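**Student:** I have a structure here, written as structure tokens, and I will follow up with some questions on it.
Protein chains: 2
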Amino acid sequence: MRTRLSIVAVVLVAACAKTETPEQRTARMQAEGDSARTAVTARSAALAGFISANNADSSAAIYAEDAVFMPPNMATVTGRAGIREAFAGMHQGMGAGQMHFTTQNVSASGDIAVERGRWHWQPAEGNRMPADSGKYLVHWHRQGGTWMIVEDIFNADTPAVPAPVSRR
Amino acid sequence: MRTRLSIVAVVLVAACAKTETPEQRTARMQAEGDSARTAVTARSAALAGFISANNADSSAAIYAEDAVFMPPNMATVTGRAGIREAFAGMHQGMGAGQMHFTTQNVSASGDIAVERGRWHWQPAEGNRMPADSGKYLVHWHRQGGTWMIVEDIFNADTPAVPAPVSRR
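Chains as they are written, first to last, in the numbering used here: chain X, 1 to 168; chain G, 169 to 336.
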């Protein structure tokens, strides 16, 4: 009888594996955050490389099928196919150069991660476009084990031109 | 003995209350998402009202103490005090008007929520600044039961001026 009771206890405790103390929850969230941070930072660096290489296919492949891309001074682009075209168009407009991303923070919970960072675009030798830099916020979602971009927005630090109509 | 075994089982099953089936997990995440969506959408609408009323104190109070505010065409502002000043400065620059936010999506997991939306600024009667609109992504964090903005970025749809240096 003692044996049977022990077996029941072991089975039930095993089924309890997911029950967490607050300390375990904090530790798990820290571990999840660390894991997401590492994965997202690597994916982000890969994207900067694809953009620099004008590889719109590989750039778009980092985005979820229904991702929402929100570049400054143009309309929102929805879906991977449109994002692919947006990358190709941006390269055509800006010319050759190196894109650098610096991840500043990644917050994660479950399948959601939010990456905040800075971007810097350095024109290639001979490209007379000015260098530019700014900030971004990217919402990543873990889909089938892979972190994909679902929402991406950025802007530039460089001052805007004065508004076309003055206040007075 | 049967009684003692049942007691052990009941105690252990009770301790297992947090163990979820995949269906329960989906249902919980849906409920968490709905709850976050309702709270975040209301907070966001309140912020638009405070901005319209040029109430920089109440606007800043929606932001976490160490929040990061990333407006277009200017440097990142960190911390609630700086964000308060940024709101006051923006109102001074743009003049009176109504700010409207339209929440388009809220994704939530645990204490993290990501809100995507559109903003529209309508100048007041007599204010000759042009109307403007664009998109935003806001990272909310539940702190002590209240959803606070920890990261906020936005940009305009309106086209940028041509770059000062041409490529050719």
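Positions of the beta carbon are idealized from the N, C-alpha and C atoms, including for glycine. Predicted model, so just to flag it, every value in this text is computed and none were measured.
Report all residues from its chain with a CB closer than 6 Å to the CB of G:Arg-248; omit the five preceding and five following residues, and keep chain order.
**Tutor:** Cβ neighbours of G:Arg-248 beyond the five flanking positions: Ala-228, Tyr-231, Glu-233.
**Student:** So, does the stretch 122-136 of chain X touch the stretch 27-42 of chain X, judging by three or more C-beta pairs under 8 Å?
**Tutor:** No, the stretch 122-136 of chain X is not in contact with the stretch 27-42 of chain X.
**Student:** Please name the residues in the stretch 230-255 of chain G whose beta-carbon is closer than 7 Å to at least one beta-carbon of chain X, in chain order.
**Tutor:** Within the stretch 230-255 of chain G, the residues whose Cβ lies closer than 7 Å to some Cβ of chain X are Val-236, Met-238, Pro-240, Asn-241, Met-242, Ala-243, Thr-244, listed in chain order.
**Student:** Please classify G:Arg-211: is it buried, with 16 or more other beta-carbons within 10 angstroms of its beta-carbon, or exposed?
**Tutor:** The residue is buried, with at least 16 neighbouring Cβ atoms inside 10 Å.
**Student:** Name the residue from G:Pro-240, G:Gln-192, G:Arg-193 whose alpha carbon lies nearest to the alpha carbon of X:Leu-137.
**Tutor:** Comparing Cα-Cα distances from X:Leu-137 to each of G:Pro-240, G:Gln-192, G:Arg-193, the minimum goes to G:Pro-240.
**Student:** In the DSSP assignment, find the beta strand (DSSP E) that holds G:Ile-317 and state where it starts and stops.
**Tutor:** First-last of the beta strand (DSSP E) with G:Ile-317: 314-324.
**Student:** Report the three-state DSSP secondary structure of G:Asp-300 (helix, strand or coil).
**Tutor:** Strand, per DSSP.
**Student:** What does DSSP give as the partner residue(s) for G:Ile-280 in the beta ladder?
**Tutor:** DSSP, once it has assigned bridges, lists G:Ser-277, G:His-309 as partnering G:Ile-280.
**Student:** Can you tell me whether DSSP reads X:Thr-26 as helix, strand or coil?
**Tutor:** Helix.
**Student:** With H, G and I counted as helix, E and B as strand and the rest as coil, what does DSSP make of G:Met-267?
**Tutor:** Here G:Met-267 sits in strand by DSSP.
**Student:** Can you give, in chain order, each stretch of the alpha helix (DSSP H) that sits fully within the stretch 47-84 of chain X and has at least 4 residues?
**Tutor:** The qualifying runs are 56-60.
**Student:** Taking the straight line between their C-alpha atoms, what separation do you get for G:Gly-201 and X:Met-94?
**Tutor:** The straight-line gap from Cα to Cα measures roughly 39 Å.
**Student:** Mind checking if X:Arg-116 is an interface residue toward chain G, Cβ cutoff 7 Å exclusive?
**Tutor:** Yes, X:Arg-116 counts as interfacial toward chain G.
**Student:** In chain G, what lies closer than 7 Å to X:Asn-55 by C-beta?
**Tutor:** Chain G residues near X:Asn-55: none, gap ~21 Å exceeds 7 Å.
**Student:** Kindly indicate if chain X contains any beta-carbon less than 7 Å away from that of G:Arg-205.
**Tutor:** Cβ-Cβ to chain X under 7 Å: no for G:Arg-205.
**Student:** Kindly confirm or deny that the stretch 186-199 of chain G and the stretch 306-326 of chain G touch, where touching means at least three C-beta pairs closer than 8 Å.
**Tutor:** No: the two stretches stay apart, fewer than three of their Cβ pairs being nearer than 8 Å.
**Student:** Can you give me the C-alpha to C-alpha distance between X:Asn-55 and X:Gly-126, rounded to a whole angstrom?
**Tutor:** Straight-line Cα distance between these residues: approximately 20 Å.
**Student:** Please identify the residue among X:Gln-143, X:His-100, X:Met-148 whose C-alpha is closest to the C-alpha of X:Lys-135.
**Tutor:** Looking at the Cα atoms, X:His-100 is the closest of the given residues.
**Student:** If you run the structure through DSSP and keep just helix, strand and coil, what is X:Gly-33?
**Tutor:** Note: X:Gly-33 maps to helix in three-state DSSP.
**Student:** Any C-beta of chain G sitting closer than 7 Å to the C-beta of X:Glu-125?
**Tutor:** No, X:Glu-125 lies away from the interface with chain G (no Cβ there is under 7 Å from its Cβ).
**Student:** Using a C-beta cutoff of 7 Å, does X:Ile-112 count as contacting chain G?
**Tutor:** So yes, X:Ile-112 belongs to the interface.
**Student:** Flag X:Ile-153 as yes if its beta-carbon sits less than 7 Å from any beta-carbon of chain G, otherwise no.
**Tutor:** Cβ-Cβ to chain G under 7 Å: yes for X:Ile-153.
**Student:** Can you look up X:Ala-163 in the DSSP assignment and give me helix, strand or coil?
**Tutor:** The predicted model places X:Ala-163 with a pLDDT of 44, which falls under 50 and marks its position as unreliable; any figure quoted below should be read in that light. Of the three classes helix, strand and coil, the one that applies to X:Ala-163 here is coil, per DSSP.
**Student:** Output needed for X:Thr-158: all residues of its chain with C-beta closer than 7 Å, excluding positions within five of it in sequence on either side, in chain order.
**Tutor:** Contacts found: Asp-132.
**Student:** By the criterion of Cβ-Cβ separation under 7 Å, what are the contact partners of X:Asp-34 in chain G?
**Tutor:** None at all; the shortest Cβ gap to chain G is about 15 Å.
**Student:** Answer yes or no: do G:Gln-266 and G:Ser-226 have a C-beta to C-beta separation smaller than 7 Å?
**Tutor:** No, the pair does not count as a contact, with Cβ atoms beyond the cut-off.
**Student:** Any beta-carbon of chain G closer than 7 Å to the one on X:Ser-107?
**Tutor:** Yes, X:Ser-107 lies at the interface with chain G (some Cβ there is under 7 Å from its Cβ).
**Student:** Compute the beta-carbon to beta-carbon distance between X:Trp-147 and X:Ala-96, rounded to the nearest angstrom, for a pair I have assumed lies under 8 Å.
**Tutor:** That belief does not hold up - the Cβ atoms of X:Trp-147 and X:Ala-96 are roughly 28 Å apart, past 8 Å.
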